[in-house]
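Undergrad:
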Amino acid sequence: MTLDDQTLPSRPGSIREEDVKLEEGHAVRESALSEGTFHQSQVVGKAIRKHFFCPPDATLADAVNRDADNVEFTDAEEKAVRRKIDRRVLTLVVSSYILNQFDRTNIGNAHVLKAFNDNFGITNNNQWTLALSIFYVGYCLLEMPANVLQRYIGANRFLFLSLTWWGLASVSFVYAKGYGGLLALRVLLGIGEAGYYAGMIYYLSFWYKRSELALRIRWQLLFLVEAIPTIFMAIVTLLFLPSFPFSSSFLTPREKAIAQARLNRDHRPKSHGGMTGWEGFKAVVNDIHAWLLMFMYASFNVGATSIVYFLPTLINELGFSPLASQGLTVAPYVVGWLMVVFQAWHSDKTRDRGYHIMLSTAVSCIGYIVLAVLATRGSGSNMIGGRYFALFLVVGGNYSLFPLVMSWAANVFSPTSKRGVGTAFIVSISNCVSIASPQVYFDANDNYQKGHAISAALVVSSPPCQVR
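Shown next as structure tokens:
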């Protein structure tokens with residue numbers, strides 16, 4: 001046997017090639033773990049769906065969550081990831097919400113035009129308020145099922161279906177005639193929009209920390225686009241809106257890990273796992289916070305819903321023409337939007353919801369009281385100016401409450417299944433009350449004085465709900 005055929009033992013102190021490779025592999029693994037890419041690199045491909053209504057494969061989600069437990073990152077990197085999320089996620093959510101608000105409420109602007117009322121046979125205030133109320137029938141019935149569907153198939157597919165539905169319903173108004181046609185289309189519009197608002201709050205909680213959420217929800221007040229682009233927006237959301245951080249194509253593996261880790265370290269549950277949908281529902285029903293938040297939301301939602309539909313009419317009652325009335329609705333929304341921005345920003349900065357809700361409630365209540373007091377005191381310039389100014393307070397106070405209350409709800413509920421059902425529960429039950437909200441302004445003979453007084457009483461009832 002030759003020397004080459006023999007297996008020579010390693011000399012003391014020598015380093016075998018296998019040991020070197022093992023150490024190098026260990027170093028590479030440790031580096032990949034700290035970078036937040038190791039477990040994702042072990043997953044071949046991306047989240048795969050078998051069909052349109054099938055949820056994404058959870059393998060990639062698990063890999064991102066495991067990487068998120070080990071990733072190390074700086075504040076600068078976190079801010080860079082958040083800005084990237086803002087550009088993609090928030091831009092698409094904002095655009096879809098603009099369409100949502102206009103498609104739901106543009107009927108209020110149309111009501112001041114005689115041709116609209118003639119086309120649909122609206123001859124009295126009772127017919128008008130019924131047309132407004134009936135929207136919430138389908139909306140309330142399908143709110144929670146729609147939210148469950150979104151959680152199952154993902155936000156982009158849910159929004160594609162929702163926007164396409166309500167876009168087609170809005171286009172149908174152009175061709176419809178008669179009062180029956182108006183009622184039918186309002187029901188269809190409500191069905192299409194069911195689950196949208198609560199679903200968006202739930203969806204944003206997958207991307208933003210608790211201290212960031214209210215500021216992102218603030219953008220809901222941007223307003224005024226046409227119905228047809230809604231269908232275009234449906235396609236855009238399907239193609240470009242990511243359902244979850246783990247399934248996003250615009251983030252690198254490390255950025256996905258950072259996006260998930262910053263939520264996990266904010267004491268938020270992970271994107272997957274936890275209770276089943278039914279367990280989440282039972283947990284919400286048995287949670288006193290859910291009922292308090294629901295009552296709080298409902299108390300100001302009645303006034304907020306009514307003021308959106310009646311704002312052009314209330315301005316028209318001040319003596320302005322129909323065209324001028326629609327133009328004069330812009331200023332209250334602009335000032336109201338500024339109040340929403342400030343309240344949401346300051347609420348996130350101070351990490352407080354309760355005191356900010358009380359402030360917005362007080363502003364809204366003062367506005368309603370001024371409207372009620374001045375409603376029957378003549379039509380002098382001072383009275384007109386005072387009533388118009390009060391509309392600024394009502395719009396700003398009411399709409400700054402939406403992001404505050406819903407971000408509070410998203411912060412309170414966990415895990416994700418309970419959060420999804422909880423936000424849908426609050427919006428759904430509250431909107432059942434909204435079926436009756438247009439009926440608050442049942443009497444036009446006293447310049448809606450009774451409606452303003454009822455709205456003020458409902459708004460002022462919400463602060464006691466914060467005592468828990």
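Position 286 of the sequence shown, counting from 1, maps to 286 under the UniProt record's numbering, and the rest follow consecutively. By construction, the Cβ of each residue, glycine as well, lies at the ideal position given by its N, Cα and C atoms.
(1) Can you give the Cα-Cα distance for I258 and D69, rounded to whole angstroms?
(2) Please list the terminal residues of the continuous alpha helix (DSSP H) segment that includes N264.
(3) Grab the span of the alpha helix (DSSP H) containing D67 for me, first residue to last.
(4) Buried or exposed: where does L159 fall if 16 or more other Cβ atoms within 10 Å of its Cβ makes it buried?
(5) Assuming A375 and Q439 make a contact with CB atoms under 8 Å, what is their CB distance in whole Å?
(6) According to DSSP, is V341 part of a helix, a strand, or is it coil?
(7) Excluding sequence positions up to five away, which residues of its chain have a Cβ less than 6 Å from the Cβ of L92?
(8) In the DSSP assignment, find the unbroken alpha helix (DSSP H) run with W165 in it and report its ends.
(9) Just the C-alpha distance for M144 and G385, rounded to the nearest angstrom, thanks.
(10) Taking the CB atoms as reference points, tell me whether V395 and P312 lie closer together than 7 Å.
(11) Measure from the alpha carbon of V410 to the alpha carbon of each residue in F206, K256 and I366, then state which is nearest.
(12) Tell me whether L338 is buried or exposed, calling it buried when 16 or more other Cβ atoms sit within 10 Å of its Cβ.
(13) Which two residues bound the contiguous alpha helix (DSSP H) that contains F116?
(14) Using C-beta distances below 8 Å, list every residue in its chain close to L404, excluding the 5 sequence neighbours before and after it, in chain order.
(15) Determine the contact status of I134 and R186, defining contact as a CB-CB distance below 7 Å.
(16) With a 10 Å radius around its C-beta and 16 neighbouring C-beta atoms as the bar for buried, classify T74 as buried or exposed.
(17) Determine the DSSP secondary structure at N126, reduced to helix, strand or coil.
(18) Which residue's Cα is closest to the Cα of N431: S306, N316, V363 and T164?
(19) Please state the DSSP three-state secondary structure of S41.
(20) Measure the beta-carbon distance from A194 to Y139 and round it to whole angstroms, keeping in mind my assumption that it falls under 8 Å.
(21) With 16 as the cutoff for other CB atoms within 10 Å, does V148 come out buried or exposed?
(22) Report yes or no: do the segment 294-302 and the segment 103-115 share at least 3 C-beta pairs separated by less than 8 Å?
(23) By the three-class DSSP mapping on this structure, what secondary structure does G367 have?
(24) Smallest Cα separation from Y202: which of F425, A457 and N445?
(25) Cβ of D62 within 7 Å of Cβ of Q40?
(26) Mark N65 as exposed unless 16 or more other C-beta atoms lie within 10 angstroms of its C-beta, in which case mark it buried.
(27) Here's the rule: buried if 16 or more other CB atoms are within 10 angstroms of the residue's CB, otherwise exposed. What is A457?
(28) Per DSSP, what kind of secondary structure is F392 in: helix, strand or coil?
(29) In angstroms, rounded to a whole number, what distance separates the CA positions of A261 and K209?
(30) Could you give the distance in angstroms between the alpha-carbon of Y368 and the alpha-carbon of S437?
(31) Could you tell me which of M294, C365 and S461 sits nearest to V427, measuring between CA atoms?
(32) Pick from V412, V302, S243 and A362: whose alpha carbon is nearest that of L451?
(33) How big is the Cα-Cα spacing for S95 and F102?
(34) Which one of R83, L189 and Y309 has the shortest CA to CA distance from S325?
TA: Reading from the atomic positions:
(1) 9 Å
(2) P253 to N264
(3) A58 to A68
(4) buried
(5) Actually they are not in contact, since the Cβ atoms of A375 and Q439 sit about 18 Å apart, beyond 8 Å.
(6) helix
(7) Within the same chain, and ignoring the five residues on either side of L92 in sequence, the residues whose Cβ sits closer than 6 Å to its Cβ are T237 and L241.
(8) Element bounds for W165: A155 to S172.
(9) 42 Å
(10) no
(11) According to the sequence as given, residue 410 is Ala; it is not Val. Residue F206 is the option with its Cα nearest to A410.
(12) exposed
(13) K114 to F120
(14) The beta carbon of L404 is closer than 8 Å to those of A214, Q343, A344, S347, R353, H356, I357 and S360 in its chain, skipping five residues each way along the sequence.
(15) yes
(16) exposed
(17) helix
(18) Cα-wise, what sits closest to N431 is S306.
(19) helix
(20) 5 Å
(21) buried
(22) no
(23) helix
(24) F425
(25) no
(26) buried
(27) Exposed, because fewer than 16 other Cβ atoms sit within 10 Å of the Cβ of A457.
(28) helix
(29) 10 Å
(30) 15 Å
(31) Residue M294 is the option with its Cα nearest to V427.
(32) According to the sequence provided, residue 451 is Gly. The question's Leu does not apply to it. Cα-wise, what sits closest to G451 is V302.
(33) One C-alpha to the other measures close to 11 Å.
(34) Nearest of R83, L189 and Y309 to S325, Cα basis: Y309.
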